[in-house]
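Asks: Starting off with a structure, shown below.
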Amino acid sequence: MAKYDLTQRIAPNLDRHLVFPLLEFLQERQLYHDEEILKAKIQLLNNTNMVDYAMDIHKSLYHSEDVPQDMVDRRAEVVARLKALEEAAAPLVSFLQNPNAVLELRADKQYNLQMLSDRYQIGPEQIEALYQYAKFQFECGNYSGAADYLYQYRALCTNSERSLSALWGKLAAEILMQNWDIALEELNRLKEIIDSKSSASPITQVQNRIWLMHWSLFIFFNHDNGRTQIIDLFNQDKYLNAIQTNAPHLLRYLATAFIVNKRRRPQFKDFIRVIQQEQQSYKDPITEFLACVYVNYDFDRAQKKMRECEEVILNDPFLGKRVEEGNFSAVPLRDEFLENARLFIFETYCRIHQRIDMGVLAEKLNLNYDEAERWIVNLIRTSKLEAKIDSNSGTIVMEPNYPNVYEQLIDHTKALSGRTYKLVSQLLEHAQAQTAR
Amino acid sequence: MASRFWTQGDSETEEEESDYEDEVEDGVGAGESATVTAGSRYLQGNASDSDDSDGQKRVVRSAKDKRYEEMTTTIDQMKNAMKINDWVSLQESFDKINKQLEKVMRVTESEKVPTLYIRALVMLEDFLAQALANKDAKKKMSPSNAKALNSMKQKLKKNNRQYEDLINKYRENPEVEGESDELTEEDEESGSEFEEDPSKIAIGSEEDEDEDEDDEGGETSAEGGWEKKMSKKDKLMDRQFMKDPSEITWDTVDKKLKEIVAARGRKGTQRVEQVEQLTFLTRVAKTPAQKLEILFSVVSAQFDVNPSLSGHMPINVWKKCVQNMLVILDILVQYSNIVVDDTVEPEENETQKGADYKGTIRVWGNLVAFLERIDAEFFKSLQCIDPHTREYVERLRDEPMFFALAQNVQDYLERVGDFKAAAKVALKRVELVYYKPQEVYDAMRNLAEHTDGENLDGEEPKMPQESSRGPPAFVVTPELLPRKPTFPESSRTLMDILVSLIYKYGDERTKARAMLCDIYHHAILDEFSTSRDLLLMSHLQDSIQHMDISTQILFNRAMAQLGLCAFRVGLVAEGHACLSELFSGGRVKELLAQGVSQSRYHEKTPEQERLERRRQMPYHMHINLELLEAVHLICAMLLEVPNMAANSHDAKRKVMSKTFRRLLEVSERQTFTAPPENVRDHVLAATRALSKGDFQKSFEVISSLDVWKLLRNRESVLEMLQAKIKEEALRTYLFTYSSSYDSLSLDWLTKMFDLSDTQIHSIVSKMMITEELRAGWDQPTRCILFHDVEHTRLQALAFHLTEKLSILAESNERAIEAKTGGTGGLDGLPLRRRDGQDYAAVGGRWQDNNLSFSQTRQQSGGTARSGYNTVGGTGRAFGPGQASRDRVGQSRGTGSGGGYPGGYQSTRYQDTAYGGGGLGRTPYQTAATRGSQMDASTRMVSLNRGART
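So the sequence lines, in the order shown, correspond to chains V and F.
Here the first sequence stands for residues 99 to 535, numbered as in our numbering.
Here the second sequence stands for residues -9 to 939, numbered as in our numbering.
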């Protein structure tokens, strides 16, 4: 199943630290050899400051207690640098840690800066140092500290570029701390900034959007409302264009979101078209499933694809999130997906059929006969389906519904009287205006 | 001979000489001319006259005598004039004697200038010197006389230079004139004056001249004197160079160069000759920089050889030109401190700095401009040469040569760091490659590697030979650069390299052209989606009408190729979208610059015609028009036939291809249908069969077209075509005959249309979903059950009535609008209503779609466009064919109607062309109406409606 693994395509668009959860997941799923993953982890860590962690991994990878010298050196270096930065940022940090002092801050940035430099001798250098310190903390894996400092930094910072990267850092930190609500807020803030920045070159804008979308996957598939919000975000023209140009693999997530969301019909049709267009550049069982049901009307293949989809979902770090309930673990998204996919097939199937054999239907729905019958009866009862079961011959008979001719006629003519009325009143108005003149 | 530059061709002798000269040049000269060495050609062009003399018949003796007599009388007249100091008549006599001399020469058919004439010249010269020396007398002269004297002085000097040797000899020993004449003659012919030391004499006489000048003082026309001096020296210098290399200094060469360059473009300057002189100079150049400078002049002189815009440069000159460019590059590579620049005027003595000079030396020149010119000449020559001759093929073989040059220039520019220029050169290379499919590309590569290698080798030994005849060059330039182009394995790789360079550094136009070439090339390689994305992302369709015509032509070509590509990969709707605009005006030939089509509506002025001719594509770059037409019509057929069947009750609605409809109408009007002859007939015959659902016959007719053999993957394309025809036949059949059936079995359909179960199931299901077909599957029995939704007569009439009513309301509104000036609350309304009215006619699903549609309508103008405009806005204008059926989806990606506003712009170029020509007739479709057609097909419908009421 490794061929549907998107880690390689997603990872370049993530922060180093954000890749760890993905690797952890892969390790868990046993898609690749442990060794490969451990090596990948070390590589990732090489450029971060999480040297201790890297050392641990190194030990477990080579089953030895020795650690290469450069790692030891690097550790010393990191510690030294941490000290230096801490010192540089100390005045501001101590100020911020003093709750009384913080109360003096107001909403006015200029005032704050003025106040800091006047009363605490904290100038731009210290503020800059805070940023560096926060970044360093982040690289050391101290996300909560980094998030706090970055938050403070943003309150004091005047440089919009810096502020933006602080925001990215904050977002990453929140994601890594799994504070989904806060992360979502940050995400929206970031999105606004990106969208409002019309001066940026189109290419950077696209790139920013793609990053944002990748990062947002963490949030959307963990947040309660995420699945509708992912559609809101990804399906915007600008973002969809970005996906189509540079990151078609994101279609998988959008497709999944569409499938598990029932209330998104109008957009869904557009989306089918997008999938059709992108067939050349990206294809996986989930998009193929949609193509089978809505483009080719090939239900047997859809059936097959559905089974493949299950695998894909289980192996996807975002989709295949497990929920442990006692000693019973489940993948909620998979169940939802399958349920909805089944419904999709059935709906479409019914639309083009007048009479369906129950047995065949049951087979198509991956259910047994009785289950299928119960399912359909439920649908009919909740008036989602206008059909009757002919239990004698074991078939379902659809009731064709075409708009009544007379209704149509009435509809056609309904507007006419209104139009005429308006016309006349307008004419009168005009005439009055004429006479008045 | 150098005098020719200065005498404005007033004496016919010279013209005659030059004719001979040309003959020699062309290598047509009879046997002997081969013996004339290169050196002599430069020195004594007139000497070559003798070459042809032997073979010709002699004229009767008496004629010769007569001429001599005439000459003698003229000389007598001159003597008389001298006595009375009448310069005016003297001048007349001098002209006369020159003419007579020519006659004499012709009669005697010898090179030998009669001593009589020489004696007269000497006499004149002496008299002139005397007259000039006597300043008082000169002052007393009448103005006309003085003028005549001056002009006489000049004329004489010019004239005498030709016969200098003779005159000198005559002066030395007037007695043995005849004999010595003979001698000199031979000397001149052999071209190597070793017996004497002419340089000595020359220098002597030069000094004389100088003194003369001094004597004269400033009051006589200084310019004339200068000219004389220079031109006199001219010939001498050539000799000097021949004789004694060590005496040549940088100054002499520089002076000579300036002089030749100054003559450029003047009336009477022999272009070919100038090239030769300059080529000769390159050999005696003292420093590399100077050689470079001279070489630049050579190249530009070579460009001058062909003066007319429509003709092309002689091929051998072109080849030499390429060689010169290569030498230039060699020098530049060898001496990396030499910089070529055309922005600043270099200092006077910049080129004096020798090879060992370390600093940068600036030389004026523009490599890219030269290269572009060479390319243009190559292109022109291909335009002019009849493509069905061997010559054309031969000419095509020169392509690798140019390619090598371009490659070297590009390498050099990249090394120097001038990427902008390099991008331009890269574009030239791209333009040589983009239209070649891999097979042709391979052929070119082979040619470059094998045959061309021999070809060049064959030329190389010739080169040293030539130069060995002359003195050895001072600055020897080794061939540093490869003379053979190198090609990567696949054309795509090459394109990618070049194109990415251009995208990085090129200017707007270069980039646009490169993009179009890229699109074209992708399309050739059947990579439809890539080239489509490139086209859409570059937004070229929006901006193409602002570009120059040749780019617009390129755009049209790319569109045509894209259409062909779409067809090959089986995307009929896309193919049609690409091609339909090209064909809509019936001017494909013009739009693709593949020939001039006669238009009924425009009488073209000769000027326009000439312009158009200059734009034509060379034959080997043509896109086969028959194939293009076939593809277009077949695409149109596949779309239109089921469409017509679906809307049989209302034929006016939803026309996919107007062109096709028109053709169909014309053919239906015919009483008898003859067996198909051309492409159009074939497709129409196929259409007739298809509309009856007879896919076999339809396919047979189409596959009998012989254009298919032009396709590389002929089998697969035909297979695809067959499948498509079957599908459309099935759809047509269902549309046409569904009303006659209550149910249809799937098995029967499979048998009938030779399609698999799943295919039929999928097609029919699609039709059901889109509600084109009112039916449903009966799963247990595998049948299609048709629902009877035909309206009763009463119902149909009622619908008709409502339709009329809404049209009435509409026209009422419009009338009011016109009256009230369109103000008021109606602004927003009519649009919406019009939609409603359109869809009222559809019947069935009006109410479902009405609301959502009127929303999307407004968007389809705006949003679809904005889709393009956003970054990477792969607006995906290629809305799939169903888009128009399923209107709700139009908010993103325009429907099939708006898919390619491309052809629309493509037709623009003609408009501008005609407009520019001053004719100003608006072409049949104005931009406005077309624009609205493109915008949304719906608007078009509503306009039609309006017109009908």
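Note that beta-carbon positions come from the ideal geometry of N, C-alpha and C, so glycine has one too.
1. Can the beta-carbon of serine 261 of chain V be found closer than 8 angstroms to that of cysteine 255 of chain V?
2. Take proline 346 of chain V and list the residues in its own chain whose beta-carbon comes closer than 7 angstroms to its own, dropping the five residues that flank it on each side.
3. If you draw a straight line from the C-alpha of arginine 822 of chain F to the C-alpha of glutamate 800 of chain F, how long is it?
4. Could you name the residues of chain V that isoleucine 750 of chain F contacts, counting a contact when the two beta carbons are closer than 7 angstroms?
5. Going by DSSP in three states, threonine 483 of chain F sits in which element: helix, strand or coil?
6. Three or more beta-carbon pairs under 8 angstroms between the region 728 to 743 of chain F and the region 693 to 708 of chain F, yes or no?
7. With glutamine 365 of chain V and asparagine 333 of chain V assumed to form a contact (beta carbons below 8 angstroms), what rounded beta-carbon distance in angstroms separates them?
8. Rounded to whole angstroms, what's the CA-CA distance from glutamine 532 of chain V to leucine 526 of chain V? Just pull it up for me.
9. Does the region 193 to 205 of chain V come into contact with the region 158 to 173 of chain V, if we say contact requires no fewer than three beta-carbon pairs (one atom in each stretch) closer than 8 angstroms?
10. Under 8 angstroms, with one C-beta from each stretch per pair, do the region 426 to 438 of chain V and the region 743 to 754 of chain F reach the 3-pair mark?
11. For alanine 291 of chain F versus glutamine 260 of chain F, is the C-beta spacing smaller than 8 angstroms?
12. Name the chain V residues that come within less than 7 angstroms of asparagine 637 of chain F, Cβ to Cβ?
13. Run through the DSSP bridge pairs and tell me what isoleucine 621 of chain V is partnered with.
14. Measuring only between beta-carbons, confirm whether proline 770 of chain F sits less than 8 angstroms from chain V.
15. Relative to the C-alpha of arginine 764 of chain F, which candidate in F:Val673, F:Ser730, F:Ala504 has its C-alpha closest?
16. Would you mind telling me which residues of chain F sit closer than 9 angstroms to isoleucine 329 of chain V, beta carbon to beta carbon, in chain order?
17. Are any of the Cβ atoms in chain V nearer than 8 angstroms to that of serine 519 of chain F?
18. Is the shortest distance between the beta-carbon of serine 850 of chain F and the beta-carbons of chain V less than 8 angstroms?
19. Could you say which of V:Arg517, V:Leu120, V:Gly516, V:Gln106 lies nearest to phenylalanine 316 of chain V if we only look at CA atoms?
20. If the cut is a Cβ gap below 7 angstroms, which residues of chain V does asparagine 703 of chain F touch?
21. Quick check: the region 412 to 422 of chain F against the region 648 to 662 of chain F, are there 3 or more CB pairs under 8 angstroms?
22. Could you tell me which whole beta strand (DSSP E) segments of length 3 or greater appear in the region 559 to 621 of chain F?
23. Nearest-angstrom Cα distance between alanine 178 of chain V and alanine 271 of chain V?
24. What residues from chain V crowd round leucine 795 of chain F, counting only those whose CB sits closer than 7 angstroms?
25. From the DSSP output, which residues share a beta bridge with arginine 405 of chain F?
26. Tell me which same chain residues have a C-beta within less than 8 angstroms of the C-beta of leucine 106 of chain F, skipping the five on either side of it?
27. What's the C-alpha gap between proline 596 of chain F and alanine 548 of chain F?
28. May I ask you to check if the CB of alanine 186 of chain V is nearer than 7 angstroms to at least one heavy atom of the ligand HEM?
29. Could you pull the start and end residues of the alpha helix (DSSP H) that valine 475 of chain V belongs to?
30. If we ignore side chains and look at the alpha-carbon of each, how far apart do serine 657 of chain F and methionine 527 of chain F end up?
31. How far does the alpha helix (DSSP H) with tryptophan 738 of chain F in it extend, from its first residue to its last?
32. Is the Cβ-Cβ distance between leucine 552 of chain F and alanine 504 of chain F less than 8 angstroms?
33. Run down chain V in chain order and give the residues with a C-beta less than 9 angstroms from the C-beta of tryptophan 738 of chain F.
34. Taking the straight line between their C-alpha atoms, what separation do you get for isoleucine 492 of chain F and lysine 501 of chain F?
35. For a contact meaning CB atoms closer than 7 angstroms, what does glutamine 276 of chain V contact in chain F?
36. Please determine, among V:Leu228, V:Met275, V:Cys238, V:Phe236, the residue with the shortest C-alpha to C-alpha distance to alanine 253 of chain V.
Replies: Looking at the coordinates:
1. Reading the first sequence from its first residue, position 163 is the one you call residue 261 of chain V. Reading the first sequence from its first residue, position 157 is the one you call residue 255 of chain V. In contact: serine 261 of chain V and cysteine 255 of chain V (Cβ atoms closer than 8 angstroms).
2. The residue you call residue 346 of chain V lines up with position 248 of the first sequence. In its chain, beyond the 5 residues on either side, Glu376, Ser379, Tyr380 have a beta carbon closer than 7 angstroms to the beta carbon of proline 346 of chain V.
3. Locating residue 822 of chain F in the second sequence gives position 832, where the first residue counts as 1. Locating residue 800 of chain F in the second sequence gives position 810, where the first residue counts as 1. Summary for arginine 822 of chain F: the model assigns pLDDT 37, below 50, so the residue's position carries little reliability, and this model does not support an answer.
4. Looking up residue 750 of chain F in the second sequence gives position 760. Chain V residues near isoleucine 750 of chain F: none, gap ~11 angstroms exceeds 7 angstroms.
5. Reading the second sequence from its first residue, position 493 is the one you call residue 483 of chain F. Helix.
6. They do not touch, by the three-pair rule.
7. As a first step, residue 365 of chain V must be located in the first sequence, where it is residue number 267. As a first step, residue 333 of chain V must be located in the first sequence, where it is residue number 235. Indeed, because the Cβ distance is near 5 angstroms, the residues count as touching under 8 angstroms.
8. As a position in the first sequence, residue 532 of chain V is number 434, starting the count at 1. As a position in the first sequence, residue 526 of chain V is number 428, starting the count at 1. In a straight line, the C-alpha of glutamine 532 of chain V is about 10 angstroms away from that of leucine 526 of chain V.
9. Because the criterion of three Cβ pairs below 8 angstroms is not met, the region 193 to 205 of chain V and the region 158 to 173 of chain V do not touch.
10. Flag = no, the region 426 to 438 of chain V and the region 743 to 754 of chain F do not touch.
11. On the second sequence, position 301 is the one that residue 291 of chain F refers to. On the second sequence, position 270 is the one that residue 260 of chain F refers to. No, they are not a contact pair.
12. For the purposes of this step, residue 637 of chain F is taken as the residue at position 647 of the second sequence. Going along chain V, no residue has its Cβ under 7 angstroms from asparagine 637 of chain F, so there is no contact; the nearest lies around 18 angstroms.
13. The question about residue 621 of chain V has no answer here: the residues shown for chain V are numbered 99 through 535.
14. Your numbering for residue 770 of chain F matches position 780 in the second sequence. Judged by the 8 angstroms Cβ criterion, proline 770 of chain F is in contact with chain V.
15. One-based indexing of the second sequence puts residue 764 of chain F at position 774. Considering only F:Val673, F:Ser730, F:Ala504, the residue with the shortest C-alpha distance to arginine 764 of chain F is F:Ser730.
16. Here the question's residue 329 of chain V lines up with position 231 in the first sequence. For the C-beta of isoleucine 329 of chain V, not a single chain F residue is nearer than 9 angstroms; the gap to the nearest is close to 15 angstroms.
17. Taking the second sequence and counting its residues from 1, one reaches residue 519 of chain F at position 529. Cβ-Cβ to chain V under 8 angstroms: yes for serine 519 of chain F.
18. By 1-based counting over the second sequence, the position of residue 850 of chain F is 860. Caution applies to serine 850 of chain F, whose pLDDT of 33 falls short of 50 and renders its modelled position unreliable; the value that the coordinates give is listed next. Serine 850 of chain F does not count as touching chain V.
19. Here the question's residue 316 of chain V lines up with position 218 in the first sequence. Nearest to phenylalanine 316 of chain V by alpha-carbon distance, out of V:Arg517, V:Leu120, V:Gly516, V:Gln106, is V:Leu120.
20. Start at 1 with the first residue of the second sequence, and residue 703 of chain F comes out as number 713. Among the residues of chain V, none has a CB under 7 angstroms from the CB of asparagine 703 of chain F; the nearest is roughly 18 angstroms distant.
21. These segments do not touch.
22. The qualifying runs do not exist here; there are none.
23. Working through the first sequence from its first residue, we reach residue 178 of chain V at position 80. Working through the first sequence from its first residue, we reach residue 271 of chain V at position 173. Answer to the nearest angstrom: the Cα atoms are 23 angstroms apart.
24. For the purposes of this step, residue 795 of chain F is taken as the residue at position 805 of the second sequence. Under a criterion of Cβ atoms nearer than 7 angstroms, the residues of chain V adjacent to leucine 795 of chain F are, in order, Thr511, Leu514.
25. Counted from its first residue, the second sequence places residue 405 of chain F at position 415. In the DSSP assignment, arginine 405 of chain F forms no beta bridge with any residue.
26. Here residue 106 of chain F is taken as the residue at index 116 of the second sequence, counted from 1. Taken in chain order, the residues that qualify are Tyr58, Met61, Thr62, Ile65.
27. Along the second sequence, read from residue 1 onward, the residue named residue 596 of chain F stands at position 606. Along the second sequence, read from residue 1 onward, the residue named residue 548 of chain F stands at position 558. One C-alpha to the other measures close to 29 angstroms.
28. Among the ligands in the structure shown, none appear at all, so the ligand HEM cannot be discussed.
29. By 1-based counting over the first sequence, the position of residue 475 of chain V is 377. In the DSSP assignment, valine 475 of chain V falls within the unbroken alpha helix (DSSP H) covering 467 to 479.
30. On the second sequence, position 667 is the one that residue 657 of chain F refers to. On the second sequence, position 537 is the one that residue 527 of chain F refers to. The straight-line gap from Cα to Cα measures roughly 41 angstroms.
31. For the purposes of this step, residue 738 of chain F is identified with residue 748 of the second sequence, where counting begins at 1. Annotation: the continuous alpha helix (DSSP H) that includes tryptophan 738 of chain F extends over 736 to 743.
32. Residue mapping note: residue 552 of chain F aligns to position 562 of the second sequence, counting from 1. Residue mapping note: residue 504 of chain F aligns to position 514 of the second sequence, counting from 1. At least 8 angstroms separates the beta-carbon of leucine 552 of chain F from that of alanine 504 of chain F.
33. In the second sequence, the residue the question calls residue 738 of chain F occupies position 748. Ordered by position in chain V, no residue passes the 9 angstroms Cβ test against tryptophan 738 of chain F, which lies about 18 angstroms from the chain.
34. As a working note, residue 492 of chain F is residue 502 in the second sequence. As a working note, residue 501 of chain F is residue 511 in the second sequence. Approximately 6 angstroms, taken between the alpha carbons.
35. Position 178 of the first sequence, counted from the first residue, corresponds to residue 276 of chain V. In chain order: nothing, as chain F lies at least about 32 angstroms away.
36. To locate residue 253 of chain V, count along the first sequence from 1; it is residue 155. Nearest option by C-alpha distance: V:Leu228.
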